[in-house]
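Notes follow the structure.
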Amino acid sequence: MNHTQKLMWRKGISLSVTFLLCLCLGSACKKKENTLGQNNIDQNELLSSATTDTFSITSFSYLNDSIISDNAPFGILGSYNDPKFGQYSSEIYTQFRLSGLSPIFGDVSGIVVDSLVLALEYVSPSSFYGKTGNQTIEVYELNEGLHIDSTYYSSDLKTHTGGDLVTPGSAVLDMDPTTITVVGTDTVDTQLRIHLNTSRADAFFSEWNSATGSFDDNDAFLSYFKGLHIKTNNFAQNSNEGGAFYFNLSDPASKLTIYYTQDGTQKTYDFLINSSCADFNHVDIDNSMSNVSTVINDTVSGQIEYYAQSFGARAVIRIPGLDNIPSNAVVHTAALILPVQHQTGSNYEPSADISVAITEREGDSQLFGIGTAAYNSYAKAYEVDLRSYIQGVVSNSTGNHGIILSPVLYNTSAERIIFNGPNTINKENPILKIIYTEF
Numbered sequence: 041m042n043h044t045q046k047l048m049w050r051k052g053i054s055l056s057v058t059f060l061l062c063l064c065l066g067s068a069c070k071k072k073e074n075t076l077g078q079n080n081i082d083q084n085e086l087l088s089s090a091t092t093d094t095f096s097i098t099s100f101s102y103l104n105d106s107i108i109s110d111n112a113p114f115g116i117l118g119s120y121n122d123p124k125f126g127q128y129s130s131e132i133y134t135q136f137r138l139s140g141l142s143p144i145f146g147d148v149s150g151i152v153v154d155s156l157v158l159a160l161e162y163v164s165p166s167s168f169y170g171k172t173g174n175q176t177i178e179v180y181e182l183n184e185g186l187h188i189d190s191t192y193y194s195s196d197l198k199t200h201t202g203g204d205l206v207t208p209g210s211a212v213l214d215m216d217p218t219t220i221t222v223v224g225t226d227t228v229d230t231q232l233r234i235h236l237n238t239s240r241a242d243a244f245f246s247e248w249n250s251a252t253g254s255f256d257d258n259d260a261f262l263s264y265f266k267g268l269h270i271k272t273n274n275f276a277q278n279s280n281e282g283g284a285f286y287f288n289l290s291d292p293a294s295k296l297t298i299y300y301t302q303d304g305t306q307k308t309y310d311f312l313i314n315s316s317c318a319d320f321n322h323v324d325i326d327n328s329m330s331n332v333s334t335v336i337n338d339t340v341s342g343q344i345e346y347y348a349q350s351f352g353a354r355a356v357i358r359i360p361g362l363d364n365i366p367s368n369a370v371v372h373t374a375a376l377i378l379p380v381q382h383q384t385g386s387n388y389e390p391s392a393d394i395s396v397a398i399t400e401r402e403g404d405s406q407l408f409g410i411g412t413a414a415y416n417s418y419a420k421a422y423e424v425d426l427r428s429y430i431q432g433v434v435s436n437s438t439g440n441h442g443i444i445l446s447p448v449l450y451n452t453s454a455e456r457i458i459f460n461g462p463n464t465i466n467k468e469n470p471i472l473k474i475i476y477t478e479f
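Counting in the working numbering, the sequence shown runs from 41 upward without gaps.
The structure is reproduced here in structure tokens:
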């Protein structure tokens, strides 16, 4: 069963491109065809009209090496092998907190643990990227504490203690947010339910019974139980297989639950993931065997196609010729059309939205957003409104250091985009359409 994730976020990359810049001016020769802004133009102030011209564009990709991924809106778990982009894998690190301070378990010698289940609730039935299907899950107990006021990056790793906690024989799970989940006799919102070794639940009861104070409050508990590392291990995953799945970690249904029987009575105890818990996504992307790695930081190789990917490369488009627009020009419209490659039914759908940003100076890492652009599935393209940006370049209030394209939620998705370059072999190539007037 193939599905593609429809949530509103996506990735960024860049390359080298030459775009057609249509400069259509509202003056004498085109006056009857261009009425945009005519009520704002004093005809006595018109000095000249621009002409249609072709501008050289440079586009390339660069990789971030420090992407903040802590306490994101969603936890991302899973891996896929993209025939164009290579291997993508995301893992979750998270804390857990007590569902009640100083719980009373009574005589633990009469407790029989039935199961220990880690439940992760899917965001929605469409909350994945790639394909549904079986993936092998591993869970480890952290040996290194997390902190809610710390910053964690997608490249960070934390040490763990002991071996894989997943119950032997239950590691392979069908990851599919469209299925029905039944807990006991109740149908609940769809979850991924991972059965862990009951010996870990026995250890919880033993710790409580030893009266060390580990269950007195959450600080003491977090010192004792630092959290879990949840990952997949899909060795030798085939091309075009797998997917990444989005989970609502802050939902009350996402939790670690002990199911146990005490003196003939069935009971449960929950360890919660909530907004007070530190968590982050660790992401690995291997583009080394793909053309993506060739295009990165190469101003030549991206002329045919260039790429964008969450947690990976961002796109940079530079248009040096914008500096040649007369300083007395008023920009009325400026639309940058960016066609993409996408086959209907593909497992890898383009991002629903991308963000558009600039930098203050050449080479700056700090980005300043100037807008967003939605994907037009009919045109198979994004249309970016650059009017304000280009007006700033013309008036010298904004530096012309390039336009950076990224997914709207760059650090909360697993998506990617293939853009058509100016020398594409496909039908549509990128184009910049500008209408301005000189005064």
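For glycine and all other residues, C-beta sits at the position ideal for the given N, C-alpha and C.
Just so we're clear, the structure is a prediction, and the values are computed from it rather than from any experiment.
Compare the C-alpha of residue 154 against each of 438, 312, 332 and 306 and name the closest. Proximity to residue 154 across 438, 312, 332 and 306 peaks at 306, based on C-alpha coordinates.
Alpha carbon of residue 373 to alpha carbon of residue 478, nearest angstrom: 14 Å
Looking only at C-alpha atoms, which of 400, 229 and 265 sits nearest to residue 180? For residue 180, the nearest C-alpha among the options comes from 265.
Buried or exposed, going by whether 16 or more other CB atoms sit within 10 Å of the CB of residue 215? buried
Identity of the residue in 189, 379 and 148 nearest residue 418 by Cα: Closest by alpha carbon: 379.
For the stretch 158–178 and the stretch 291–307, state whether three or more C-beta atom pairs, one from each stretch, are separated by less than 8 Å. With a cut-off of 8 Å, the stretch 291–307 and the stretch 158–178 count as touching, because enough Cβ pairs lie within range.
Please specify which runs of the alpha helix (DSSP H), each continuous and at least 4 residues long, are wholly inside the stretch 240–312, giving them in chain order. The DSSP assignment places 258–264 as complete runs of the alpha helix (DSSP H) inside the stretch 240–312, in order along the chain (cut-off: 4 residues).
State the DSSP-derived secondary structure class of residue 155, mapped to helix, strand or coil. Here residue 155 sits in strand by DSSP.
On the premise that residue 320 lies in contact with residue 192, defined as a C-beta separation below 8 Å, what is that separation, rounded to the nearest angstrom? 4 Å
Tell me whether residue 401 is buried or exposed, calling it buried when 16 or more other Cβ atoms sit within 10 Å of its Cβ. Residue 401 comes out exposed.
Three-state class that DSSP yields for residue 333 in the structure shown: helix
For residue 434, three-class secondary structure by DSSP: Assigned with DSSP and collapsed to three states, residue 434 falls in helix.
Return yes when the Cβ of residue 448 is within less than 7 Å of the Cβ of residue 125, no when it is not. no
Contact set for residue 375: own chain, Cβ-Cβ below 6 Å, skip 5 residues either direction: So the qualifying residues of the chain are 423 and 473.
On the DSSP letters alone, give me the boundaries of the beta strand (DSSP E) that residue 119 sits inside. 115–122
Are residue 256 and residue 142 closer than 7 Å when you measure CB to CB? In this structure, residue 256 places its C-beta atom within 7 Å of the C-beta atom of residue 142.
Where DSSP assigns a beta bridge to residue 221, which residues make up the other side? Looking at the DSSP assignment, residue 221 forms a beta bridge with 228.
C-beta contact flag for residue 178 and residue 199 at 7 Å: The criterion of a C-beta distance shorter than 7 Å is not satisfied by residue 178 and residue 199.
Cut-off 7 Å between Cβ atoms - residues of its own chain near residue 381, not counting five sequence neighbours on either side: 345, 458, 460 and 466
Report the residue ranges of all beta strand (DSSP E) runs contained in full by the stretch 123–183; include only those spanning at least 3 residues, in chain order. 126–134, 151–161, 168–170 and 173–182
According to the Cβ coordinates, are residue 195 and residue 351 closer than 7 Å? Their beta carbons are not under 7 Å apart, which means residue 195 does not touch residue 351 by this criterion.
Sort 445, 420, 421 and 405 by Cα distance to residue 411 and report the nearest one. 445
Based on DSSP bridge pairs, tell me the residues matched to residue 320. The bridge partners DSSP lists for residue 320 are 110 and 133.
Residues bridged to residue 100 [DSSP beta-bridge criterion]: 356
Ordered along the chain, which non-local residues of its own chain (more than five positions away) have a Cβ less than 6 Å from that of residue 356? 54, 100, 442 and 444
Is the beta carbon of residue 150 less than 7 Å from the beta carbon of residue 302? It is a contact, given that the beta carbons lie within the stated cut-off.
Put residue 460 into one of helix, strand or coil per three-state DSSP. Three-state result, residue 460: strand.
Indicate whether the contact test is met: 3 or more Cβ pairs, each with one atom in the stretch 427–442 and one in the stretch 311–327, closer than 8 Å. Segments in contact, no.
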